[in-house]
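Reading the sequence shown from the start, the letters are residues 242 to 672 in my numbering.
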Amino acid sequence: MPIENKFVYLFPKPLIDFFMRTTFIMTAFLLTAGSVRLPLQAQKTEANAYSQCLYRTPQKGIPYRIPAIATTRKGDLIAMGDYRYCGGDIGNGQVDIVARISRDNGRTWSEQYTVAAGSGIKDDPTCGYGDAALVADRKSNSLLLIVGSGNTTYWQSTRTNPVRVARLYSHDGGLTWSKPEDITGDMYRLFDSRPDQPLQKLFVASGKICQSTRIKTGKYYRLYAALCTNKGSFAIYSDDFGQSWNVLGGPSTDPAPGGDEPKCEELPNGNVILSCRKRNGRYFNIYSYKDAKTAQGNWGKVADSNECDGGIKVGGNSTNGEIAVIKVRRTLDNAKTYLALQSLPAGNDRSKVSIFYKELDSPADYSTPEVFASHWKGSFLVTEKGSAYSTFSIQKDKRLAFFYEEEPGYYNLVYRPLDIEIITDGRYKAY
């Protein structure tokens with residue numbers, strides 16, 4: 242006889258109903274309070290089941306570096322990285338951009354293929370291509386890729402012999418790509434009207450190029466990319482899917498003079514947050530629109546997260562990560578809200594890549610850069626190992642497609658799908 246029939250036979254039905262209702266109510270209460278760990282642990286195990294090393298650096302061989310990942314309109318994932326024949330950054334020799342595609346939320350992946358092949362020829366603009374910055378258009382099958390290129394390192398760059406910039410497009414979801422197009426002059430000329438000397442070095446920070454969900458002035462929604470330069474960090478925007486660019490706030494502004502590699506993201510009200518690498522923590526600044534269509538507005542006062550109450554305080558690892566603002570539901574009351582996510586190594590060296598999170602329930606939570614930089618709610622440790630650069634996109638199944646560098650080696654590129662519930666300890670869920 243089945244156990245459930247024995248149970249019904251031994252106890253009166255009213256008592257059974259009371260027991261079931263009480264159990265359900267208490268379980269729901271405890272889950273909401275974040276006290277029950279078993280369901281979250283089960284989800285965590287499921288998420289870990291699909292973690293994969295997509296690019297493995299052998300002990301003696303060509304290293305992989307610098308992750309980039311995007312989710313296409315159809316829901317495919319495309320994960321890119323540097324394949325560094327020369328062993329180092331752009332400017333040291335041949336570097337290729339390679340990619341793999343998943344059509345099933347990261348469970349299986351295609352073989353590695355080359356998107357942009359460096360020639361390895363000294364003093365040639367095509368010598369290498371690296372530091373992929375990627376975006377997939379949400380309304381078409383097009384993707385835009387911007388990369389550093391050439392045979393000059395960032396630190397050796399001058400206006401007459403600069404580290405270069407190249408642009409590629411795919412119009413079939415990442416299967417095929419255009420030849421790299423040199424846009425070095427277009428990028429540097431954006432800043433030629435600055436009253437001080439012209440910029441000597443710049444590159445588009447790797448990882449995600451942000452696409453607006455609100456601002457559309459032509460065929461495409463606006464793009465935001467972040468620039469690292471010898472004058473600090475900047476944000477640039479494009480209303481024609483990367484064919485032309487302008488400086489957000491104008492070329493003479495200085496949104497983060499001390500900033501290193503930056504990222505940018507759209508806030509729930511359409512304004513733009515700039516998040517910049519520094520020795521400890523992050524610099525944050527906000528561009529507030531007066532007229533979004535014409536991109537007129539002003540930058541605020543840059544805030545240092547290490548100096549803010551409840552800010553992101555990490556060791557001196559000076560590493561870039563990813564920033565995103567996503568829609569979620571609060572578990573406590575099932576209300577719709579927004580969540581800011583910032584990935585970054587939490588260790589004193591390049592280790593313990595983590596995801597920090599903060600609720601953006603109203604514009605008051607991001608009214609100024611200092612307010613945004615303060616009172617982060619919690620963090621999730623992705624790995625205990627040595628780890629550095631990270632990025633992510635939202636999968637079709639609402640998980641985070643988290644893509645990061647991890648030891649052993651220098652480095653492997655690891656993909657890991659993560660549920661919002663796991664990242665936030667059950668406080669929020671995907672929406």
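From the three backbone atoms N, C-alpha and C, an ideal C-beta is built for every residue, glycine too. No experiment lies behind these values; they were computed from the predicted model shown.
So, S615 versus D550, is the Cβ gap smaller than 7 Å? Note that the C-beta distance between S615 and D550 is below 7 Å.
Distance between beta carbons of L375 and M321, contact taken as under 8 Å: Going by Cβ atoms, the distance from M321 to L375 rounds to 6 Å, so yes, they are a contact pair.
Looking at the unbroken beta strand (DSSP E) that takes in F613, where does it start and where does it end? Where F613 is concerned, there is no enclosing beta strand (DSSP E), although the alpha helix (DSSP H) it sits in stretches over 610-614.
Determine the direct distance from the alpha carbon of A497 to that of R405, and round the result to whole angstroms. Answer to the nearest angstrom: the Cα atoms are 22 Å apart.
CA-CA distance, K315 and R341? One Cα belongs to K315, the other to R341, and the distance between them is close to 16 Å.
Note down the Cα distance separating L489 from V655, rounded to an integer number of angstroms. Rounded to the nearest whole angstrom, the CA to CA distance from L489 to V655 is 33 Å.
Taking the continuous alpha helix (DSSP H) assigned at Y607, which residues delimit it? Y607 -> no alpha helix (DSSP H), and no H or E assigned at all.
Is G619 near the ligand ATP - that is, is its Cβ less than 6 Å away from at least one heavy atom of it? The ligand ATP is not among the ligands present in this structure, which contains no ligands whatsoever.
With C-beta atoms as the reference, is S559 less than 7 Å away from S592? Result no, Cβ atoms of S559 and S592 do not sit closer than 7 Å.
Contact under 7 Å by Cβ, A311 with A377: Yes, these two residues count as a Cβ contact at 7 Å.
Distance, Cα to Cα, N539 vs W418? Their backbone Cα atoms lie some 36 Å apart in a straight line.
Beta-carbon within less than 6 Å of Q335's beta-carbon, same chain only, minus the 5 sequence neighbours each way: which residues are those? The answer, listed in chain order, is Y326, C327, G359, G361, G369.
Looking at A357 and A309, is the spacing between their C-beta atoms short of 7 Å? Cβ distance not < 7 Å, so A309 and A357 don't count as in contact.
Could you please give the first and the last residue of the uninterrupted alpha helix (DSSP H) stretch that includes E662? 661-664 is the extent of the alpha helix (DSSP H) around E662.
In terms of residue numbering, what span does the beta strand (DSSP E) encompassing Y461 cover? Counted as a single uninterrupted DSSP element, the stretch harbouring Y461 is not any beta strand (DSSP E), since DSSP gives it neither H nor E.
What separation, rounded to the nearest whole angstrom, lies between the Cα atoms of P439 and P658? The straight-line gap separating the alpha-carbon atoms of P439 and P658 is approximately 43 Å.
Counting Cβ pairs closer than 8 Å, one from the segment 499-517 and one from the segment 416-432, do we hit at least three? Taking a contact to require three or more Cβ pairs closer than 8 Å, the segment 499-517 and the segment 416-432 do not qualify as touching.
Between K542, A476, F482, which lies nearest to A466 when the distance is taken from Cα to Cα? Ranking K542, A476, F482 by Cα distance to A466 puts A476 first.
Please state whether the Cβ-Cβ distance between L573 and F482 is less than 7 Å. Using a Cβ distance threshold of 7 Å, L573 and F482 do not count as a contacting pair.
With which residues is E600 paired in a DSSP beta bridge? Answer is L580, bridged to E600.
Residue closest to C469, alpha-carbon to alpha-carbon, out of S398, D365, P610: Here the closest residue by C-alpha is S398.
Note down the Cα distance separating I553 from F597, rounded to an integer number of angstroms. One C-alpha to the other measures close to 8 Å.
Give the DSSP-derived three-state secondary structure of G448 in the structure shown. If DSSP states are grouped into helix, strand and coil, G448 belongs with the strands.
So for L271, helix, strand or coil by DSSP? Its pLDDT being 34, under 50, L271 is placed unreliably in this model, and the value from its coordinates should be taken loosely. Taken through DSSP and simplified to helix, strand or coil, L271 comes out as helix.
Would DSSP call D480 helix, strand or coil? Looking at D480 - three-state DSSP - the assignment turns out to be coil, as it is neither helix nor strand.
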